[in-house]
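Okay, so here's the structure we're looking at.
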Amino acid sequence: MDNLSDILLAIFLTTLSTWYVKFLWSRRHLYLHAWNVPGPLAFPIVGSAYKALRSNAGLIEVFNEFYEYPGIIKVWFSTKLWYVVFEPKYLEKVFTSPDLLEKPHDYKRLTDIIGDTIFTPSVKKSKRYRRAVAPIFYKNAIDSYVKGFAESSADFAKVLRSLAGRKDLDVEMLCLRYTLDTTCKSIFGFGVPVSGSEAGEHDYGYCLRKVAEISTYRFVRIWFNVKLIYNMSRTKQEIDKWNNLIHAHILSMISTARRLQEIQTNSEDSKNGNSKYESDFFKSFIRGSEYTEEEIVDTIKSLFSAGVDTAASVLCSTLMMLALHPDAQQKVYEEVMEVVGHRQIEHTDLQHFRYTEMAIKESMRLFPPTIIFARDSTGAVNLGEYVLPKDGAVVIFPLVIHRNPTVWNDPLKFDPDRFLPDEMAQRSPYAFVPFSHGVRNCIGWQHAMWNLKTAIAGIIREVKVFTGYQSVEDIKLNCELVLTYTHGSKLWFEPRE
């Protein structure tokens, strides 16, 4: 019996060793190209994944370690090879390579939040849905939304005025409600009014933040790559709970949009082509027969994850920066009063909010809303001194790029003048990538900028903004799918005379 056990053990070990050698041999191109790329210590099977076993706030600390490397880092996450790139000379090659268009299949684990249409790993599939939502982002369409943005920003300012006297407020949820309101107006033709009520399961933005927080926890723990382990985990139960609530919210919005459209169908406005509750997107996508109900919900989920959460993050960070820098806030106020005074903001005004736009961009530099972009390599990509092999992947952290001391002088200083035309001309366009870059960049970046400029202008002319923070360094961040603040935004407001 002992001999039989020894023989079986020997067969098992021989088979395992043979498989492992074949596995290594099949991946030799990865090891050959990556051997001279600097990076942290990697162990068999887990790679460098131990670095990610921190809290969402602790993950930000890892980013500071990147600056010890020369703009590119090799990271083995389990058995997958990733290059972390943050120098513009490498980023240009990454964003312009035809072999770096596919998103990693790791994105599949994020479909609970971002849907599986616009952000799908497949380029071909993504193009189909990007074409479907394109009417929302046509220039004339965005211009037509500004009236709605202005009405929403006025309502938002009223809510903030009503909160006067209350210090150290966390307004992230209010910002989410504002961007949900404006995004709904763009997609459906009706909004979800901003209110100061307490957040909870009834609140789409609250559900979105909860599932984002839990999904980030899941994403960086490699044992959840094993479906059996994940399916048996409490983490899956939590994600399913919040995702079901998000799904219900979206179905309710679609149902409301259809009902309002039906009411309008025989109205005089509808006969004259001026239906309040119908957009080109609504007609071609939601009312059309080309897409299933699941595709419609997934696409709305994608639009909301991109247009609601990220824009809210930028709105919040811009208010924080203007509160922390009263001189910049005063310049924004004076510009807004000079351009529009107290009348309603119109789309033709936005081009004149130059300093306001610079302040928003500088806030996005310091606090980029999206934590990560990633691409799979479908072919070997020459990055100059290094080669990213086929079957590898590249990962981009905008926060690391935007605070890179080799690119940005005094990187933690808030200075909107960095975005003066002369300053920008001296800098690589790949040094500032809040909306990604290239073929798969953010399709709604102009919608976001129009929305944010209207919001900031509408708020700053009505209230003065203050913060409990003393410096940018004091603001601790959480590494979730969208940047959030460990201790909240700590803002308070005083009505202007």
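Counting from -3, one number per residue, gives the positions in the sequence shown under the numbering used here. By construction, the Cβ of each residue, glycine as well, lies at the ideal position given by its N, Cα and C atoms.
Could you tell me the distance, in whole angstroms, from the CA atom of residue i to the CA atom of residue j?
i, j, result
"Tyr79", "Asp411", "30 Å"
"Asn164", "Arg255", "Here the sequence assigns Asp to residue 164, which means Asn is not the residue at that position. Roughly 41 Å between the two C-alpha positions."
"Val459", "Val155", "11 Å"
"His29", "Ala376", "9 Å"
"Asp470", "Ile397", "20 Å"
"Glu490", "Leu97", "47 Å"
"Gly380", "Ile356", "34 Å"
"Trp564", "Phe8", "No information on residue 564 is available, as it lies outside the stretch -3 to 493 that the chain covers here."
"Lys332", "Gly388", "It is worth fixing the name first, because residue 332 is Val in this sequence and not Lys. Approximately 48 Å between the Cα atoms of the pair."
"Ser424", "Phe215", "32 Å"
"Met420", "Asn405", "13 Å"
"Thr498", "Pro100", "Limits of the chain in this structure are -3 at one end and 493 at the other, which puts residue 498 out of reach."
"Tyr273", "Thr480", "Note that Tyr273 scores 45 on pLDDT, short of 50, meaning its location in the model is unreliable and no value can be drawn from it."
"Val383", "Met317", "39 Å"
"Glu144", "Trp72", "With the sequence shown as reference, residue 144 is identified as Gly, and Glu is not the correct amino acid for it. Looking at the two C-alpha atoms, the distance is approximately 47 Å."
"Tyr125", "Thr295", "8 Å"
"Val142", "Asn447", "7 Å"
"Phe415", "Pro364", "15 Å"
"Asp438", "Thr366", "Correcting the residue identity first, residue 438 is Cys in this sequence and not Asp. Straight-line Cα distance between these residues: approximately 11 Å."
"Ser432", "Glu88", "11 Å"
"Glu358", "Tyr426", "15 Å"
"Glu209", "Glu476", "6 Å"
"Tyr60", "Pro407", "For the record, residue 60 in the displayed sequence is Asn; it is not Tyr. Rounded to the nearest angstrom, the two C-alpha atoms are 12 Å apart."
"Thr450", "Asn474", "27 Å"
"Gly67", "Asn(-1)", "56 Å"
"Thr402", "Tyr63", "9 Å"
"Thr310", "Leu346", "Thr is not the amino acid found at residue 310; the sequence shown has Val there. Each residue's alpha carbon lies about 17 Å from the other."
Go to residue i, then tell me how far its beta strand (DSSP E) extends in each direction, as first and last residue.
i, result
"Ile392", "Ala389 to Ile392"
"Leu77", "Lys76 to Val81"
"Trp72", "Ile68 to Phe73"
Beta-carbon within less than 6 Å of residue i's beta-carbon, same chain only, minus the 5 sequence neighbours each way: which residues are those?
i, result
"Lys327", "Tyr351"
"His245", "Tyr200"
"Leu204", "Asp305"
"Thr175", "Val304, Ala307 and Ala308"
"Ala444", "Ala307"
"Lys95", "Residue identity check: residue 95 is Asp in the sequence provided, not Lys. Only Ser373, Thr374, Gly375 and Val377 meet the Cβ criterion."
"Gln325", "Leu318"
"Arg371", "Leu96 and Val390"
"Gly187", "Asp177, Cys180 and Lys181"
"Val222", "none"
"Val90", "Val81, Leu96 and Val390"
"Phe220", "Arg214 and Tyr226"
"Arg127", "none"
"Ser149", "Thr450, Ala451 and Gly454"
"Cys171", "Ala308, Leu311 and Cys312"
Tell me the DSSP bridge mates of residue i?
i, result
"Leu487", "Leu165 and Thr463"
"Val328", "Its beta-bridge partners do not exist; DSSP assigns none."
"Asp372", "Ala389"
"Tyr481", "Leu473"
"Leu531", "With the chain running from -3 to 493 in the structure shown, residue 531 is simply not present."
"Asn378", "Val383"
"Thr14", "None, per the DSSP bridge assignment."
"Thr366", "Val478"
I need the boundaries of the alpha helix (DSSP H) containing residue i, first residue and last residue.
i, result
"Phe186", "Unbroken run through Phe186: none, as it is neither H nor E."
"Phe428", "Unbroken run through Phe428: none, as it is neither H nor E."
"Gln340", "Run containing Gln340: none; DSSP gives neither H nor E here."
"Val33", "Here Val33 belongs to no alpha helix (DSSP H), and DSSP marks it neither H nor E."
"Cys312", "Thr306 to Leu320"
"Asp151", "Lys135 to Ser158"
"Tyr63", "Looking at the DSSP string, Tyr63 is not in any alpha helix (DSSP H), and its letter there is neither H nor E."
"Tyr86", "Pro84 to Thr92"
"Arg205", "Tyr200 to Phe215"
"Phe300", "Glu289 to Phe300"
"Asn221", "Looking at the DSSP string, Asn221 is not in any alpha helix (DSSP H), and its letter there is neither H nor E."
"Gly454", "Trp441 to Ile456"
"Asp418", "Pro417 to Ala421"
Measure how close the beta-carbons of residue i and residue j come, nearest whole angstrom, since I'm counting them as under 8 Å.
i, j, result
"Phe152", "Gly440", "In fact, because the Cβ distance is near 20 Å, the residues do not count as touching under 8 Å."
"Lys297", "His25", "Their Cβ separation, rounded to whole angstroms, is 37 Å, which puts Lys297 and His25 out of contact at 8 Å."
"Ile183", "Val207", "Actually they do not touch by this definition, with Cβ atoms about 20 Å apart."
"His348", "Val335", "5 Å"
"Ile218", "Ser74", "5 Å"
Looking only at its own chain, which residues have a Cβ that is under 7 Å from the Cβ of residue i, when we skip the five neighbours before and after it?
i, result
"Glu452", "Looking at the sequence itself, residue 452 is Ile, so the reference to Glu does not match. Within the same chain, Ile452 has close Cβ partners Thr314, Val328, Thr352 and Ile356."
"Tyr65", "Pro34"
"His243", "Val293"
"Thr463", "Met316, Ala319, Leu320, Lys486 and Leu487"
"Gln340", "Ala146"
Within its chain, find whatever has a CB closer than 8 Å to the CB of residue i; leave out the 5 residues flanking it on each side and keep chain order.
i, result
"Ile3", "none"
"Leu20", "Tyr27"
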